[in-house]
Amino acid sequence: MVVLKGAEVSAKIKAQVQKELMDLGDRLPKLAIVRVGENPDDLSYERGAMKKMESFGLRAETFPYPADISHENFKQEFQKINDDPDVAGILLLCPLPKQIREKEIKEIIAPDKDLDGISPVNIAKVFAGDETGFAPCTAEAVIQVLKKNKISISGKRAVIVGRSLLVGKPLAMLLLKENATVTVCHTRTTDMPKVCREAEILIAAAGKAKLLSREYVASGAVVIDVGINVDDEGKLCGDVDFESIQETAAMATPVPGGVGAVTTAVLADHLVRAAKIQKQNRGH
Ligand code: NAP
0 MVVLKGAEVS
10 AKIKAQVQKE
20 LMDLGDRLPK
30 LAIVRVGENP
40 DDLSYERGAM
50 KKMESFGLRA
60 ETFPYPADIS
70 HENFKQEFQK
80 INDDPDVAGI
90 LLLCPLPKQI
100 REKEIKEIIA
110 PDKDLDGISP
120 VNIAKVFAGD
130 ETGFAPCTAE
140 AVIQVLKKNK
150 ISISGKRAVI
160 VGRSLLVGKP
170 LAMLLLKENA
180 TVTVCHTRTT
190 DMPKVCREAE
200 ILIAAAGKAK
210 LLSREYVASG
220 AVVIDVGINV
230 DDEGKLCGDV
240 DFESIQETAA
250 MATPVPGGVG
260 AVTTAVLADH
270 LVRAAKIQKQ
280 NRGH
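Following this line, the structure appears as structure tokens:
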């Protein structure tokens, strides 16, 4: 089985991003990472994103707020970041604490700064197949893993396990746009091993440690593991039982070292694209 390494895909995206940066002149785009509270998953994603921006030669700043900030105060603060012409793109770490009406915040984020595709405008564009919008970085990272490894998607049977608005659903739309035949599984799917064995491209995005083992994987399938979980021994693992599929799958992404590294590279790519759109809109 060939191991599809995220670092190699990330390096290819970096080369692309650096070419695009040349069109922007001296003005290096800046990412604003907005975080409420100290959730360990958010802190880990934030660290990864900061490191990636630095390695891509981009600017990034975190905007942390206390977990008990009121909705009104947070909305005001968020609006200031949203309006700041020096901020080219925003990553809002979700879910937000209960007192904040997340839907309202997602509705005010400027669509051309919405790097993770959480605004209604960008969600609609992804579902319409309109490439001028931003898709969620993780969903797009899966497409990049396939494309940068020259794995053809057109005409292939793809099965996604997970139907969240952040990963499963937008990914289904992106795969359809690439002309795959797409099936989406969830907790009510019956005989999931059989459905998954029909996949030539199998994508795991369920958030359940080692859910998919050998019986879910057809011989020769490409397996992309989006899951980030902690196993019984406290080690990071994906949704796929990686060891058990070695003899069955043709290719698979590991966890860690797979899709996660590509997600932040896509975030960097979106930041540069956002800066370009804003530059065009300013007319200089
Ligand atoms: P989520 O909102 O919890 O959604 C999980 C989805 O998986 C739901 O649609 C759920 O079905 C389905 N599911 C859960 N258990 C299942 C089972 N036993 N059988 C079939 N379907 C099942 O999670 P998410 O935000 O999409 O994230 C998914 C995973 O990706 C998590 O591990 C997360 O940490 C990871 N993630 C990784 C990255 C990255 O950069 N690599 C980024 C974001 C998220 P129902 O709809 O029926 O409940």
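Using numbering that gives the first Met the number 0, read the sequence shown as starting at 0 and increasing by one per residue. The C-beta atom is built at its ideal place from N, Cα and C for all residues, glycine as well. Because the structure is a prediction, the values reported are computed rather than measured.
Exercise. Taking the C-alpha atoms as reference points, what is the distance between G132 and T180?
Worked result: Using only the alpha carbons, I get a separation of about 23 Å.
Exercise. Does any heavy atom of the ligand NAP sit closer than 6 Å to the C-beta of L165?
Worked result: Yes - the ligand NAP has a heavy atom lying nearer than 6 Å to the Cβ of L165.
Exercise. Skipping 5 residues on each side, what residues in its chain have a beta carbon closer than 6 Å to that of E101?
Worked result: Excluding residues within five positions, the ones whose Cβ falls inside 6 Å are L95.
Exercise. Is the closest heavy atom of the ligand NAP to the C-beta of T262 under 6 Å?
Worked result: T262 Cβ: within cutoff of the ligand NAP.
For this session: Report buried or exposed for M0, applying the criterion of at least 16 other Cβ atoms within 10 angstroms of its Cβ.
Result: Flag for M0 reads exposed.
Exercise. Count the other CB atoms within 10 Å of the CB of P192; is the residue buried (16 or more) or exposed (fewer)?
Worked result: By the 10 Å Cβ count, P192 comes out exposed.
For this session: Measure the C-alpha to C-alpha separation of A157 and N72 and round it to an integer number of angstroms.
Result: Rounded to the nearest whole angstrom, the CA to CA distance from A157 to N72 is 44 Å.
Exercise. In terms of residue numbering, what span does the beta strand (DSSP E) encompassing Y64 cover?
Worked result: From DSSP, the beta strand (DSSP E) with Y64 extends over 58–64.
For this session: Pick out whichever of M250, E177, D268 has its Cα sitting closest to the Cα of I89.
Result: Of M250, E177, D268, the residue nearest in Cα terms is D268.
Exercise. V166: buried (16+ other C-beta within 10 angstroms of its C-beta) or exposed?
Worked result: Around the Cβ of V166, a 10 Å sphere holds 16 or more other Cβ atoms; the residue is buried.
For this session: Keeping to the same chain, check which residues put their C-beta closer than 6 Å to that of V16; ignore five residues upstream and five downstream.
Result: Annotation for V16: F55, A267, D268, V271 place their beta carbon closer than 6 Å to its own, counting only its chain and skipping 5 residues before and after.
Exercise. Do you know how far the Cα of L164 is from the Cα of N121?
Worked result: Using only the alpha carbons, I get a separation of about 12 Å.
For this session: Count the CB pairs spanning the stretch 73–84 and the stretch 243–263 that are closer than 8 Å, and state whether there are at least three.
Result: Contact fails: fewer than three Cβ-Cβ distances are below 8 Å.
Problem set entry | Whole-number beta carbon distance between V141 and I223, since they are thought to touch under 8 Å | Cβ atoms of I223 and V141 come within 8 Å of each other, at about 5 Å.
Exercise. Does the distance from the CB of G233 to the CB of G206 come in under 7 Å?
Worked result: Taking 7 Å as the cut-off, the Cβ atoms of G233 and G206 do not count as close.
Problem set entry | Euclidean distance between Cα positions of E19 and S9 | One Cα belongs to E19, the other to S9, and the distance between them is close to 15 Å.
For this session: Determine the direct distance from the alpha carbon of A251 to that of G5, and round the result to whole angstroms.
Result: Approximately 11 Å, taken between the alpha carbons.
For this session: Return the first residue and the last residue of the alpha helix (DSSP H) that C195 is part of.
Result: Under the DSSP assignment, C195 falls in the alpha helix (DSSP H) whose first and last residues are 191–196.
Problem set entry | Residues bridged to R156 [DSSP beta-bridge criterion] | Its beta-bridge partners are T180.
For this session: May I ask you to report which of helix, strand or coil DSSP gives I244?
Result: Helix, per DSSP.
Exercise. Is the stretch 240–254 touching the stretch 25–37 in the sense that three or more CB pairs, one from each, lie closer than 8 Å?
Worked result: Contact between the stretch 25–37 and the stretch 240–254 is absent, because fewer than three Cβ pairs lie under 8 Å.
For this session: Could you tell me the boundaries of the alpha helix (DSSP H) in which I142 lies?
Result: Taken as a continuous stretch (DSSP letters only), the alpha helix (DSSP H) holding I142 covers 136–147.
Exercise. Under a three-way DSSP split, which group does A217 fall into?
Worked result: The answer is coil: DSSP assigns A217 none of H, G, I, E or B.
Exercise. Looking at C-alpha atoms only, which residue of K275, A264, I150 is the closest neighbour of D115?
Worked result: Answer by Cα proximity: A264.
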